[in-house]
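Q: My questions will all concern the structure given below.
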């Protein structure tokens, strides 16, 4: 059901709906209802929400592609469904291309567009689900590249004042699958602002990032030792499709747990007990462990709780086998955490937001 349009002074109406089924709007396909949902198709729409006599002071929940979300209950906050379009080359500098992408553009669409237009640099991040506006929130990353490595700035609108600001990458407090947009409390912007545009900086000259085992295998298989950006893009798409289920076919939120980071000493201790553990030394001297390997080693592939299951081909992915509910996904995730902690002494941290 839709509420009557609210006409602000400029005559443009907000698109407000009530009692909206959110199952189509989260890639896990979990049931939940949004009491009120507003479709945000422009920066001006955010300001209209802020100025709205009823919605302005209500709690807000920002929803992009719903690819990093586990819904366990109905959403009482006003859901802002981000659908801002647009992608363009904003500026070509001597040392970089600057692309500007609307927050509602699917991330993979932005990556594919940039490669097709001859602007390399995002190819390692191909086929990551979700919208472009959500990419900085999670600081998405894959195959040696993180969003922070390619971000110039983000345009945001404050949900209290309605004011626009442009935040450069250095103030976004990026961490591993973290940013100021995900953080609550003092200084955090979660629930306080909406990303409306993302500006990406693609460095010149382009340098490929090929340090991951899967990409090294592709080079060995094909005999291509100096791939261009389009070749890497194709490889990454093929690798991800082989490992990860398509959310359109089987509900999931991609990688469910973060890869844990441990000290060299902790890693040596684990290698002493499990010499085959997959691990990646980091520049700061720490070591990143493959969460999927840890889960698989504990025997979780294919295990189920109700309609939720661990994907048979990749233990890092939890899936909806049919009519799963959010509570079943959470129960399964907690059981996996306890199992991995019991064997390795490592507490896995979920990537998705649970509400």
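In my numbering, the protein residues as written are 65 to 419. All C-beta atoms, glycine included, are put in the ideal place defined by N, C-alpha and C. Since the structure is predicted, the reported quantities are computational estimates derived from the model, not experimental observations.
1. Is DSSP giving residue 117 helix, strand or coil here?
2. Could you check the C-alpha separation between residue 484 and residue 218 for me, to the nearest Å?
3. Which value, in whole angstroms, describes the spacing of the CA atoms of residue 417 and residue 347?
4. Please identify the residue among 298, 254 and 168 whose C-alpha is closest to the C-alpha of residue 223.
5. Once you ignore the five residues that flank residue 391 on each side, which residues in its own chain have a CB closer than 7 Å to its CB?
6. Could you tell me if residue 372 is buried or exposed, where buried requires 16 or more neighbouring beta carbons within 10 angstroms of its beta carbon?
7. Taking the continuous alpha helix (DSSP H) assigned at residue 359, which residues delimit it?
8. Here's a check: name, in chain order, each residue in its chain whose Cβ is nearer than 6 Å to the Cβ of residue 84, leaving out the five neighbours to either side.
9. Kindly indicate the opening and closing residues of the alpha helix (DSSP H) around residue 286.
10. Give the C-beta separation of residue 384 and residue 315 to the nearest angstrom, bearing in mind that I take them to be a contact with Cβ-Cβ under 8 Å.
11. Quick one: Cα of residue 388 to Cα of residue 94, how far?
12. Where does residue 332 land, buried or exposed, given buried means 16+ other C-beta within 10 angstroms?
13. Using DSSP's beta-bridge definition, name the partner residues of residue 103.
14. Am I right that residue 263 and residue 154 are in contact with their C-beta atoms under 8 Å? What's the rounded C-beta distance?
15. Please return the same chain residues whose Cβ sits closer than 7 Å to the Cβ of residue 381, not counting the five positions on each side in sequence.
16. Applying the criterion that 16 or more other CB atoms from any shown protein chain within 10 Å of the CB defines a buried residue, is residue 415 buried or exposed?
17. Using only the alpha-carbon positions, how far apart do residue 397 and residue 240 sit?
18. At what residues does the alpha helix (DSSP H) containing residue 290 begin and finish?
19. Note down the Cα distance separating residue 231 from residue 336, rounded to an integer number of angstroms.
20. Which residue or residues does DSSP assign as beta-bridge partners of residue 153?
21. So what does DSSP say about residue 56, is it helix, strand or coil?
22. Could you say if the segment 273 to 283 and the segment 191 to 210 meet the contact criterion of at least three C-beta pairs nearer than 8 Å?
23. Based on the DSSP secondary-structure assignment, which residues constitute the bridge partners of residue 204?
24. In terms of residue numbering, what span does the beta strand (DSSP E) encompassing residue 411 cover?
25. By how many angstroms is the C-alpha of residue 179 removed from the C-alpha of residue 186?
26. I'd like to check one pair, residue 214 with residue 152: are the Cβ atoms closer than 8 Å?
27. Grouping DSSP H, G and I as helix and E and B as strand, with all else coil, what is residue 66?
28. When DSSP builds the beta bridges, which residues end up paired with residue 125?
A: So, from the listed chains and residues:
1. Counting from 1 along the chain shown, the entry for residue 117 is found at position 53. Of the three classes helix, strand and coil, the one that applies to residue 117 here is coil, per DSSP.
2. One cannot answer for residue 484 here, as it falls past the ends of the chain, which runs 65 to 419.
3. Sequence index remark: in the chain shown, residue 417 carries index 353 (1-based). Sequence index remark: in the chain shown, residue 347 carries index 283 (1-based). Going from the Cα of residue 417 to the Cα of residue 347 covers about 28 Å.
4. Mapped onto the chain shown, residue 223 falls at position 159. The shortest Cα separation from residue 223 among 298, 254 and 168 belongs to 254.
5. Numbered from 1 along the chain shown, position 327 holds the residue referred to as residue 391. Within the same chain, residue 391 has close Cβ partners 136.
6. By one-based count along the chain shown, residue 372 stands at place 308. By the 10 Å Cβ count, residue 372 comes out buried.
7. On the chain shown, position 295 is the one that residue 359 refers to. From DSSP, the alpha helix (DSSP H) with residue 359 extends over 355 to 361.
8. By 1-based counting over the chain shown, the position of residue 84 is 20. So the list reads 98 and 101, once near-sequence residues are dropped.
9. Walking along the chain shown from the start, residue 286 turns up at place 222. Here the alpha helix (DSSP H) through residue 286 covers 277 to 286.
10. Mapped onto the chain shown, residue 384 falls at position 320. Mapped onto the chain shown, residue 315 falls at position 251. The pair is a contact, with the Cβ atoms about 3 Å apart (cut-off 8 Å).
11. Working through the chain shown from its first residue, we reach residue 388 at position 324. Working through the chain shown from its first residue, we reach residue 94 at position 30. Residue 388 and residue 94: Cα-Cα distance of roughly 7 Å.
12. Translated into the one-based positions of the chain shown, residue 332 becomes position 268. So residue 332 ends up on the exposed side.
13. Locating residue 103 in the chain shown gives position 39, where the first residue counts as 1. Paired residues: 79 and 145.
14. For the purposes of this step, residue 263 is taken as the residue at position 199 of the chain shown. For the purposes of this step, residue 154 is taken as the residue at position 90 of the chain shown. Confirmed, Cβ separation roughly 6 Å.
15. Here residue 381 refers to the residue found at position 317 of the chain shown. So the qualifying residues of the chain are 308, 309, 316, 318, 319, 320 and 375.
16. As a working mapping, residue 415 is identified with position 351 in the chain shown. So residue 415 counts as buried.
17. Here residue 397 is taken as the residue at index 333 of the chain shown, counted from 1. Here residue 240 is taken as the residue at index 176 of the chain shown, counted from 1. So the alpha carbons of these two residues sit roughly 20 Å apart.
18. The residue you call residue 290 lines up with position 226 of the chain shown. Taken as a continuous stretch (DSSP letters only), residue 290 belongs to no alpha helix (DSSP H), as it is neither H nor E.
19. Sequence index remark: in the chain shown, residue 231 carries index 167 (1-based). Sequence index remark: in the chain shown, residue 336 carries index 272 (1-based). Taking the straight line joining both Cα atoms gives about 45 Å.
20. Locating residue 153 in the chain shown gives position 89, counting from the first residue. Answer by DSSP bridge pairing, in chain order: 163.
21. Look at the range of the chain in this structure, 65 to 419, and you will see that residue 56 is not part of it.
22. yes
23. Taking the chain shown and counting its residues from 1, the one referred to as residue 204 is at position 140. DSSP output for residue 204 lists no bridge partner at all.
24. Stepping through the chain shown from its first residue, residue 411 is reached at position 347. Run containing residue 411: none; DSSP gives neither H nor E here.
25. In the chain shown, the residue the question calls residue 186 occupies position 122. In the chain shown, the residue the question calls residue 179 occupies position 115. If I take the Cα positions, the gap works out to 8 Å.
26. Sequence index remark: in the chain shown, residue 152 carries index 88 (1-based). Sequence index remark: in the chain shown, residue 214 carries index 150 (1-based). Contact flag unset, no.
27. Counting from 1 along the chain shown, the entry for residue 66 is found at position 2. Unreliable placement is indicated for residue 66, whose pLDDT of 39 sits below 50; the coordinate value is still reported in the next sentence. Note: residue 66 maps to strand in three-state DSSP.
28. Counted from its first residue, the chain shown places residue 125 at position 61. The partner list for residue 125 (beta bridge, DSSP) reads 143.
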